[in-house]
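Accompanying notes for the structure given below.
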Amino acid sequence: MAADGGQDLITLTVDKLSADRVSESVTCPSCGAVSLFIGTTRDHFEGKKVIRLEYEAYSPMAESELRKICSEVRTKWPSVRHINIQHRLGVVPVTEASVIIGISSPHRKDSLEAVKYCIDTLKATVPIWKKEIYESGEPCWKENKECLWGDTGKDPKQS
Amino acid sequence: MNTEQVSVLYFAKSAELTGLKAENITVPSNISSLRLWQHLETRHPRLSVLRDQVVLAVRQEYVPLGEQPLTLRDGDEVAVIPPLSGG
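The listed protein sequences derive, respectively, from chains L and P. For the first sequence, this note's numbering begins at 2 and goes up steadily by one. For the second sequence, this note's numbering begins at 357 and goes up steadily by one.
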């Protein structure tokens, strides 16, 4: 938590995420900007129809890595007021949100940059995994190109 | 040589390959992360497909596979971390 009362909210949940709730949770009277990122689940991969996605996490470590990201955001953008990062786990039907990040700041530049930093860093460092289940064929564990020890950084088709 | 009992957690593809979510194993306390990984591969040969794209987490901090000794303590949690795909 920031010294001046800014809140770091972190949630891992099997429940459906709500952009409205995240937005409301970071709104504050001194802030002229709330920036939101909503990551949703796609319905296709390389021509295969995706039926659903399943997420799992190393939850205590995922929460600890998310807290590190919040702390880095506050160092890089000290004007940031509230941060809320929610990640869904378990089965996520296609088109529903798997991750929502909301950040408020007095002016838009800081919260916009901070939201981008949050999602890019989350993909590289937070221990969460996604499996795609297709209409036909074997399910597939995905790899983020941002993950330094995966090998899909070499494969521009995946993300 | 001192040995410690540690709890190994398997996630994502590593859980499917081993058929396990977790197990307790006994290892030397000053084992390197690379030797620990090789020990896990010996127990579960199917893990070898992950060899070049895996890191461990020890007490919930990432440790790449390498020669540095880990200084494990009894009851420590070690996790097998395949490439991440959150977000």
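From the three backbone atoms N, C-alpha and C, an ideal C-beta is built for every residue, glycine too.
Contacts around residue i, its chain only, beta-carbon distance under 8 Å, and the 5 residues preceding and following it disregarded
{"i": "THR96 of chain L", "result": "THR41, THR42 and ASP44"}
{"i": "ARG429 of chain P", "result": "GLU360 and SER385"}
{"i": "ILE52 of chain L", "result": "VAL95, ILE134, TYR135 and GLU136"}
{"i": "THR126 of chain L", "result": "GLU66, LYS69 and ILE70"}
{"i": "TYR418 of chain P", "result": "VAL411, LEU412 and ILE437"}
{"i": "VAL177 of chain L", "result": "Because chain L spans 2 through 160 in this model, residue 177 of chain L falls outside it and cannot be assessed."}
{"i": "ARG109 of chain L", "result": "GLY33, ALA34 and SER36"}
{"i": "ASP152 of chain L", "result": "GLU144"}
Proximity of residue i and residue j at Cβ, strictly below 8 Å
{"i": "GLN424 of chain P", "j": "SER388 of chain P", "result": "yes"}
{"i": "GLU57 of chain L", "j": "ALA368 of chain P", "result": "yes"}
{"i": "GLU147 of chain L", "j": "LYS117 of chain L", "result": "no"}
{"i": "ILE11 of chain L", "j": "GLU64 of chain L", "result": "yes"}
{"i": "LEU373 of chain P", "j": "ALA435 of chain P", "result": "no"}
{"i": "SER19 of chain L", "j": "LEU37 of chain L", "result": "no"}
{"i": "ILE437 of chain P", "j": "PRO61 of chain L", "result": "no"}
{"i": "TRP393 of chain P", "j": "LEU421 of chain P", "result": "yes"}
{"i": "ASN145 of chain L", "j": "LEU406 of chain P", "result": "no"}
{"i": "CYS32 of chain L", "j": "ILE86 of chain L", "result": "no"}
{"i": "ILE104 of chain L", "j": "ASP9 of chain L", "result": "no"}
{"i": "VAL93 of chain L", "j": "LEU149 of chain L", "result": "no"}
{"i": "GLY442 of chain P", "j": "LYS17 of chain L", "result": "no"}
{"i": "LEU390 of chain P", "j": "GLU397 of chain P", "result": "no"}
{"i": "SER72 of chain L", "j": "HIS88 of chain L", "result": "no"}
Interface partners of residue i on chain L, CB under 8 Å
{"i": "ALA435 of chain P", "result": "TYR59, MET62 and PRO128"}
{"i": "LEU517 of chain P", "result": "Because chain P in this structure spans residues 357 to 443, residue 517 of chain P falls outside the shown range and cannot be described."}
Per-residue contacts from residue i into chain L (C-beta, under 7 Å)
{"i": "VAL330 of chain P", "result": "Outside the displayed range of chain P (357 to 443) lies residue 330 of chain P, so it cannot be described from this structure."}
{"i": "GLN416 of chain P", "result": "PRO61, MET62 and SER65"}
Cutoff 6 Å; reference residue i; Cβ partners in own chain excluding five residues on either side
{"i": "THR382 of chain P", "result": "THR359 and GLN361"}
{"i": "GLU433 of chain P", "result": "SER363"}
{"i": "GLY154 of chain L", "result": "Because GLY154 of chain L sits at a pLDDT of 49, beneath the cut-off of 50, its placement in the model cannot be relied upon, and the following sentence gives the value as read from the coordinates. So the list reads LYS146, once near-sequence residues are dropped."}
{"i": "VAL15 of chain L", "result": "LEU90 and GLY91"}
{"i": "THR122 of chain L", "result": "ILE70"}
Chain P contact residues for residue i, given Cβ-Cβ distances below 9 Å
{"i": "TRP142 of chain L", "result": "ALA368, LYS369, GLU372, PRO438, PRO439 and SER441"}
{"i": "VAL124 of chain L", "result": "In the sequence as displayed, the identity of residue 124 of chain L is Lys instead of Val. Residues of chain P passing the Cβ test: LEU440, SER441, GLY442 and GLY443."}
{"i": "LYS117 of chain L", "result": "By Cβ distance, chain P contributes nothing, its closest Cβ being about 12 Å from LYS117 of chain L, past 9 Å."}
{"i": "LYS77 of chain L", "result": "Simply none; closest approach about 20 Å."}
Beta-carbon neighbours of residue i, restricted to chain P and to distances below 7 Å
{"i": "LYS69 of chain L", "result": "In chain order: nothing, as chain P lies at least about 10 Å away."}
{"i": "GLY40 of chain L", "result": "GLY443"}
{"i": "ILE120 of chain L", "result": "GLY443"}
{"i": "LYS49 of chain L", "result": "Those do not exist, as LYS49 of chain L stays about 16 Å from chain P at its closest Cβ, beyond 7 Å."}
Partners in chain P for residue i, counting only beta-carbon separations shorter than 8 Å
{"i": "LYS17 of chain L", "result": "Neighbours of LYS17 of chain L on chain P: none; closest Cβ ~17 Å, over 8 Å."}
Other residues of its chain near residue i: CB distance less than 7 Å, five sequence neighbours each side excluded
{"i": "GLY6 of chain L", "result": "none"}
{"i": "VAL81 of chain L", "result": "GLY7, VAL74, ARG75, ILE104, SER106, ASP111, SER112 and ALA115"}
{"i": "LYS50 of chain L", "result": "ASP44, TYR135 and GLU136"}
Quiz item: Between the stretch 80-114 of chain L and chain P, which residues of the former have a C-beta closer than 9 Å to a C-beta of the latter?
Solution: HIS88, SER99 and VAL100
Practice problem: Report yes or no: do three or more beta-carbon pairs, one from the stretch 136-150 of chain L and one from the stretch 95-113 of chain L, lie closer than 8 Å? | Solution: no
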